[in-house]
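Below is one structure, written out as structure tokens; comments come after it.
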Amino acid sequence: MRSDVDVVLIITPPESHAELTRLALEHGKHVVVEKPAANTACEAQQLSDLARKRQLLLMFAPFVQLAPTFRALWTRLQNGAIGKVHSARGLYGNAGSTWARWYHDGSIGPLAEVGIYNLKSLTTILGPVVEVQACEATAIAHREICDETVETATADVSHVLLKHEGGALSSLVASHCIQRYRRPALEFYGTEGTANLLGDDWDPRGFEIWRNTAGRWEEFEPIDPTWLWADGLAEMVTALQQKREPLHSIEHSLLSIFGWRSGRIAIIFMTTHGRQMNNNRQLGAIGLDVGGTKIAGGVVLWPSGEILNRRIIATDPGRGGEAVLRDTLNLASQLRDWARQKEIEVVGIGAGVAELVDCHGNVTSSCTINWRGVPVQEKLSEIMPAQVESDVRTAALAEAIFGTGRGHRLFAYITVGTGISYCLVQDGRPLKGANGNAITLSSSPLSTVCTHCGAKLRPVLEEFASGAAIAKRFAQVRKSEKISAAEEVFRAASNGDKDAIEILISAGQALGVSAAFLVNVLDPEIMVIGGGLGMAGGLGMAGGLYWDAFLRSCREHIFADNSRDLSIVTAKLGTDAGVVGAAAIVFTQKHNTEANYTYGSN
């Protein structure tokens, strides 16, 4: 074999897998091979021994358990999302091949062809098998293969009952006689709930979890796979680069030998040598919060939401959009490299941007950062799969999953900081609108009067009540260019400055009118106030002048009596919401024009 080849990928017909694998190992090559590992357990064990003797890596398909959706489900089960998992069920089948004789000639059969997916998934989550009971049958005696009638020489229906090392039981049906099925391919039963993998484990379409405490099904969208069908090969290359064992050892893929004609199935799958997916390998995503003042980032673990390796750099948007993008890309690369050094499985990058972002991740405004038309998501995706979203929606998502909005079916999130924006969250989904523009509360015109001359004013909300607007209005009154931050106005009001007090009260009243409008139209359960001022408690400074004026004005302008006692609270996550929420979109955002979000709780 060629000396410049390190890894051999074998995707030949199954009967040649063992021999080709042996040849590759003997020539000093690492091997990734399609299922099954071999036609006998003895062959598979010999290949395993040869690989270890030569100090080579050997991996056998399927590798579906490496997919982010499967990993997310597995992590939730490990963290007790449904209590102790005591039972599981796997179902995988099809009508059988009409183009390949070897599917039915005695060398393969449904357990090796399709059942192995569920076998590997069940053992990944529940652990090694210690006891097996099984039976088989042949339902279709003759089949049409390439316009020729052939005899079915192997069982085409297999039922297997497994007892796992930890005591859990699982059952599996694998068949080449199933025309259609609607039940989940994998279902796990716990002491406190149930979890379903939607679709098949080779084509996961998300998952859903029933928890007794929630009393309802919570659906989780699929996470786009990093490596698609090449996940096993990519894992092999990554393992070689990082000088570690791959997540799927050879023992995890030792397939079974079938005594089809004797009516017995002897499964040697995950017995004494097998191992579960590495529990110590953490799952995470890179979260970036790109604002007008700073770019915050970190590696966010999933599903805990813990931020590791926090980084903050100045944005300085006056340099131009390309310079800000360059800094953002450098930060993302640094976080990715750090995560790899710590052996954290990072599945993507999420970026929340203080701009309008459409349903495809395109930045469509340039109010804060000159990124309109700049391929931000495309550039980030050159580092690893990336999602770009408006920062208010990422922060709202963080509150829905980890913060004040958790457990609420419908809540409004308003961010008050340098600017003002809002987002409605329904069933854990920050709603986008048709074009991604359902955040523009700040552009709503106001009808107010000048507190000094009485002239009628019609500014937009953000130009009147945001942190930047408060500072600007105070600077205009004082005819000073030195006032640049809202905190200076709050301090002045605390010292009894009448101008500062009037500005804060009028700003709070204006925000209250707009917030009441949202309540009248959307009727949320609660309202969460976040942002640099809201989350940092800024609205409560100066004796709560802004906050109290906001609350009074909001409740006064709510029309329905039974909505006036609406709970209005500050965000729980503080300044972490942007980074955590940005990372969360990697796990929850579906790659389509709907860009729906889902969430759940542990």
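Be aware that the sequence shown starts at 0, since it is given in numbering that gives the first Met the number 0, and climbs by one per residue.
Just so you know, even glycine gets a beta-carbon here, dropped at the ideal spot from N, CA and C.
What you are looking at is a predicted structure, and each value in this text was computed from that prediction instead of being measured.
On the criterion of 16 or more Cβ atoms from any shown chain inside 10 Å, does residue i qualify as buried, or is it exposed?
i	result
K34	buried
R260	Confidence is the limiting factor: at R260 the pLDDT is only 26, short of 50, which leaves the residue's position unreliable and the question unanswerable from this model.
D216	Checking the sequence, you will find Trp at residue 216 rather than Asp. Exposed, since its Cβ has fewer than 16 Cβ neighbours within 10 Å.
N494	exposed
A582	buried
F558	exposed
D357	buried
S479	exposed
Q376	buried
N195	buried
H16	buried
H141	exposed
C145	exposed
C134	exposed
S389	buried
I139	exposed
A111	buried
A313	exposed
I264	Low confidence applies to I264: its pLDDT is 35, below 50, so where it sits in the model is not reliable enough to give any reading.
V520	exposed
D617	The chain is shown from 0 up to 601; residue 617 falls before or after that span and cannot be answered.
T11	exposed
Quick one: Cα of residue i to Cα of residue j, how far?
i	j	result
R405	L168	33 Å
W370	S420	18 Å
A80	G192	8 Å
M58	K341	23 Å
G296	L324	14 Å
N308	P302	17 Å
A71	A399	18 Å
A331	S365	22 Å
V6	V31	7 Å
I285	T327	12 Å
L409	S513	18 Å
L300	I525	28 Å
G95	A437	48 Å
A485	L572	21 Å
Y180	S174	11 Å
F586	G529	22 Å
E143	V149	6 Å
L254	G189	Note on L254: pLDDT 35, under 50, position unreliable in the model; no value is reported.
A394	V298	16 Å
H26	L239	17 Å
V387	A470	30 Å
Between which two residues does the alpha helix (DSSP H) holding residue i run?
i	result
H16	16-25
S513	497-521
Q54	Per DSSP, Q54 belongs to no alpha helix (DSSP H) and is neither H nor E.
Q281	Looking at the DSSP string, Q281 is not in any alpha helix (DSSP H), and its letter there is neither H nor E.
A399	390-401
Y116	115-125
Cβ of residue i within 7 Å of any heavy atom in the ligand NAD?
i	result
V4	In terms of ligand content, the structure shown is empty, and the ligand NAD therefore cannot be addressed.
Check each candidate in the options and name the one with the smallest Cα separation from residue i.
i	options	result
L65	N434, T417, E234, A313	E234
A570	T403, P429, F410	T403
N434	G360, A411, G418	G360
G205	E112, T68, N561, G317	T68
Y116	V128, N78, A60	A60
I222	G418, G347, C553, V113	G347
Q281	E321, N78, S465	N78
P13	A87, G108, T122	G108
V128	D315, L160, A111	L160
G82	T212, S505, R318	T212
Q178	Y91, G372, I306, Q132	Y91
L171	I469, A353, G114	G114
L544	D560, S505, V527, V518	S505
Based on the DSSP secondary-structure assignment, which residues constitute the bridge partners of residue i?
i	result
R204	Paired residue(s): none; R204 is not in a bridge.
Q376	The partner list for Q376 (beta bridge, DSSP) is empty, contrary to what the question assumes.
T569	I528
C134	H158
N494	In DSSP, N494 forms no bridge with anything.
T193	Y188, W209
C422	Y412
Q386	G349
L544	Paired residues: none, contrary to the question.
R142	V149
Starting from residue i, trace the beta strand (DSSP E) in both directions and tell me its first and last residue.
i	result
S303	Taken as a continuous stretch (DSSP letters only), S303 belongs to no beta strand (DSSP E), as it is neither H nor E.
S174	168-174
F410	409-415
Y188	185-189
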